[in-house]
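Participant: To start, I am sharing the structure in question, which I have written as structure tokens.
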Amino acid sequence: KHRPARLRASEALERFTGEQREKNRPITVKYTEALIRNHFPKLLDKNLEDVNTDDVTTVTDRLLKKGQPGAANHSFAAVRSFLRWCTKRRYIHHSPIEGIDLPSKTRSRERVLSDDELRAVWTAADATKGSFGIIVKLLILTGQRRGEIAALRTDYIRDTSICLPSEVTKNKRAHSFPIGALATSILSGLAHAPSTSFLFPARGQTSSPFNGFSKAKEQLDNKAQIEPWTLHDLRRSYATNLQRLGIRLEVIESLLNHVSGTRAGIVGVYNRHRYEQEMREAVATYEQWFERTIMSRNEAK
């Protein structure tokens, strides 16, 4: 009496994402949808009432066996959110994975790439065709989040700075940061589309940013041949190397758009200094170190 006519999971997903776009950042909704579509195509072919626990755990178990606990957790969390929404909308009586824990225990990562590893990743990115190699290079040179770089548009770039609007950043705060000569040359070498277009569009979908991270990362790993790492480790490595170079913590936090430490709480309310000049000097120092320590050894080889 309370359940509507049989509903395909794929149709329910369209309704779910439509509602989520009104509440969340577009990039968050696209990421969640991509996780579900990429990892659970068989589940989406079913009617909702026929979806069972194995439809989810078979996928996450396979990801764990491939040594991808992060992907297993993220895909599980995405489909769990979707199925909980279906339950609230009374499309199903209960979620088949309710009460099941994440596939892998989450733990704080401390991975920082060594100079040799960073060099290997840079070299692999340089040999990678398409958008992904460029995205990885910009992650190394800017320390920003992968979704923020993937969502770059032409009109976000201001000469030697990048200005990210609040709808793109994780903390929903607009973020402007300088870029050095090396990053600028990479961006200037791109074929710039109209100002409202993505610099790195998804394949076949110019209205969406690049989203094929899993497959592209696996191909890059085959070239780099280093111990397991994630794209977010590049952000941590960037911050660590800035510290090695003597850059002050508050400047590093400003570059990373961190609202913590020196920029949080009552201190953040009264400290309105933007550190624009300090950030620019830090970026120049980092790129000089990078070219001298990382890139020059590649050229020597």
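Counting from 4, one number per residue, gives the positions in the sequence shown under the numbering used here. From the three backbone atoms N, C-alpha and C, an ideal C-beta is built for every residue, glycine too. Just so it is clear, the structure is predicted and the values come from calculations on it, not from any experiment.
Identify, in the order they occur along the chain, each residue of the same chain with its Cβ nearer than 8 angstroms to the Cβ of histidine 97, setting aside the five sequence neighbours on each side.
Facilitator: Thr90
Participant: Work out the CA separation of alanine 153 and proline 212 for me, nearest whole Å.
Facilitator: Whole-angstrom Cα-Cα distance: 6 angstroms.
Participant: For proline 106, count neighbouring C-beta atoms within 10 Å of its own C-beta (all shown protein chains included) and say buried if the count is 16 or more, exposed if not.
Facilitator: buried
Participant: Would phenylalanine 85 pass as a contact of leucine 16 if the rule is Cβ separation under 8 angstroms?
Facilitator: yes
Participant: Any contact of the region 215-235 with the region 120-129, i.e. 3+ C-beta pairs under 8 angstroms?
Facilitator: yes
Participant: Three-state secondary structure (DSSP) at serine 107?
Facilitator: In the structure shown, serine 107 sits in coil (DSSP, three-state: anything other than H, G, I, E or B).
Participant: Opposite glutamine 291 in the DSSP bridges: which residues?
Facilitator: None, per the DSSP bridge assignment.
Participant: Please report the straight-line C-alpha distance between aspartate 48 and leucine 141, rounded to a whole angstrom.
Facilitator: 38 angstroms
Participant: Report the partner residues of arginine 11 according to the DSSP bridge assignment.
Facilitator: Asn50
Participant: Tell me whether arginine 161 sits in a helix, a strand or coil according to DSSP, three-state version.
Facilitator: strand
Participant: In chain order, what residues of the same chain lie with their CB nearer than 8 angstroms to the CB of glutamine 291, ignoring the 5 residues before and after it?
Facilitator: none
Participant: Considering valine 296, what are the terminal residues of the beta strand (DSSP E) in which it resides?
Facilitator: Just to set this straight, residue 296 is threonine in the shown sequence, not valine. That residue, threonine 296, is in no beta strand (DSSP E); it is neither H nor E in DSSP.
Participant: May I ask you to report which of helix, strand or coil DSSP gives arginine 93?
Facilitator: coil
Participant: If we ignore side chains and look at the alpha-carbon of each, how far apart do threonine 296 and histidine 42 end up?
Facilitator: 39 angstroms
Participant: Comparing alpha-carbon positions, which option in Tyr159, Ala123, Ala205, Arg93 lies nearest leucine 51?
Facilitator: Arg93
Participant: Please confirm whether valine 262 and tyrosine 278 have their CB atoms less than 8 angstroms apart.
Facilitator: no
Participant: Looking only at C-alpha atoms, which of Ser169, Arg114, Phe201, Asp162 sits nearest to leucine 185?
Facilitator: Asp162
Participant: Opposite serine 179 in the DSSP bridges: which residues?
Facilitator: Cys166
Participant: Go ahead and label serine 210 buried or exposed: buried means 16 or more other beta carbons lie within 10 angstroms of its beta carbon, across all protein chains shown.
Facilitator: exposed
Participant: Given that a residue counts as buried once 16 or more other Cβ atoms are within 10 Å of its Cβ, and exposed if not, what is aspartate 58?
Facilitator: buried
Participant: Looking at the structure shown, is glutamine 23 part of a helix, part of a strand, or coil, going by DSSP?
Facilitator: DSSP, reduced to helix, strand and coil, places glutamine 23 within a helical segment of the structure shown.
Participant: Could you check if glutamate 151 is buried or exposed, using at least 16 other CB atoms within 10 Å of its CB as the buried criterion?
Facilitator: buried
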